[in-house]
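**Q**
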Amino acid sequence: MEKNQRKKRSDAEYNQQIILTTMEDLLEQGEDISTKKMSDIAKISGVGVGTLYRHFESKTLLCQAIMDKKVDQMFIEIEDILAENTQWPVRDKINVILTKYLDLKEANFTTLNFIEKSSSHSSSVINIPFFERLKNLLIQQFENVHSIADLDFKLNLMLNAFSSDFYYFVKRNQKLTKQQFLDKLLDLYLR
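Just so we're aligned, residue 1 is where the sequence shown starts under UniProt numbering, counting upward by one.
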């Protein structure tokens, strides 16, 4: 019986990996999986709809699972850069954190935008699963050097400037580059 359970777990892990790999491949080809039905995703992945739902109750959870590895890699890169450059001013450290986040956002716009907007409560960057982790990393940088009143509120406000709608509005309508956007934003908080 234990052998059967291991076989089932092994099959389940295999099916989950097939689904994730297939969706990652589609994303790399420029497909917007947020517009696909779960039944289409199951068919493309070569699994049954029940199998897909057993692993991912919703498209949002599937998109989050796809992003997990990329998000972890982003944080590893950020932490490595910060560890190698402890002498940097706080502005440079925060700039690197936010630049890496924008790199991730631009490379995975449709997926992150879908996650952002999938909450029934609001359409906000606060809905991304790693929002608190990102905010806590920023808090650490500010607390090491600056004493800023209402830091939590100000960081929530700052990070909401990274909502997909606002960020792309600024890039399109105000013609700001990523660095110009970051510079203007940081000027508001780090004068």
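Even for Gly, the Cβ is constructed at its ideal location relative to N, Cα and C. Owing to the predicted nature of the structure, the values given are computational and were not obtained by experimental measurement.
Residue range of the alpha helix (DSSP H) that Ala83 falls in?
**A** Lys59 to Glu84
**Q** Let me make sure I understand the geometry here. Which of Asp68, Asp187 and Phe153 has the alpha-carbon closest to that of Glu24?
**A** Relative to the Cα of Glu24, the nearest Cα in the group Asp68, Asp187 and Phe153 belongs to Asp68.
**Q** So is residue 225 buried or exposed if we call it buried at 16+ other beta carbons inside 10 Å?
**A** Not covered by the structure: residue 225. The range shown for the chain is 1 to 191.
**Q** Would you give the residue range spanned by the alpha helix (DSSP H) that Glu106 belongs to?
**A** Val90 to Ala107
**Q** Check whether the Cβ atoms of Leu104 and Lys70 sit closer than 9 Å, and answer yes or no.
**A** yes
**Q** Are Leu82 and Ser164 closer than 9 Å when you measure CB to CB?
**A** Not a contact, by the Cβ cut-off of 9 Å.
**Q** Let me know if Leu138 comes out buried or exposed under the rule of 16 or more other beta-carbons within 10 Å of its beta-carbon.
**A** buried
**Q** Going by the CB atoms, is the gap between Val47 and Ile19 shorter than 9 Å?
**A** yes
**Q** Please state if the CB of Phe131 and the CB of Tyr168 are separated by a distance shorter than 9 Å.
**A** no
**Q** With DSSP run on the structure shown, which of helix, strand or coil describes Lys171?
**A** helix
**Q** Evaluate Tyr14 with the Cβ neighbour count: other Cβ atoms within 10 Å of its Cβ, from every protein chain shown; 16 or more gives buried, anything less gives exposed.
**A** exposed
**Q** Using a Cβ-Cβ cut-off of 6 Å (strictly less than) and excluding sequence neighbours within five positions of residue 211, which residues of its own chain qualify?
**A** With the chain running from 1 to 191 in the structure shown, residue 211 is simply not present.
**Q** To the nearest angstrom, how far is it from the Cα of Gln17 to the Cα of Ser45?
**A** 10 Å
**Q** Quick check: Glu106 and Lys184, are their CB atoms within less than 9 Å of each other?
**A** no
**Q** Counting along the chain, where does the alpha helix (DSSP H) carrying Gly50 start and finish?
**A** Val49 to His55
**Q** Where do the N-terminal and C-terminal ends of the alpha helix (DSSP H) with Lys178 fall, by residue?
**A** Lys178 to Tyr189
**Q** Within the present structure, is the beta-carbon of Met23 separated from the nearest heavy atom of the ligand SAH by less than 8 Å?
**A** As for the ligand SAH, it is missing from this structure, which has no ligand bound.
**Q** Work out the CA separation of Arg133 and Phe166 for me, nearest whole Å.
**A** The alpha-carbon atoms of Phe166 and Arg133 are separated by roughly 21 Å.
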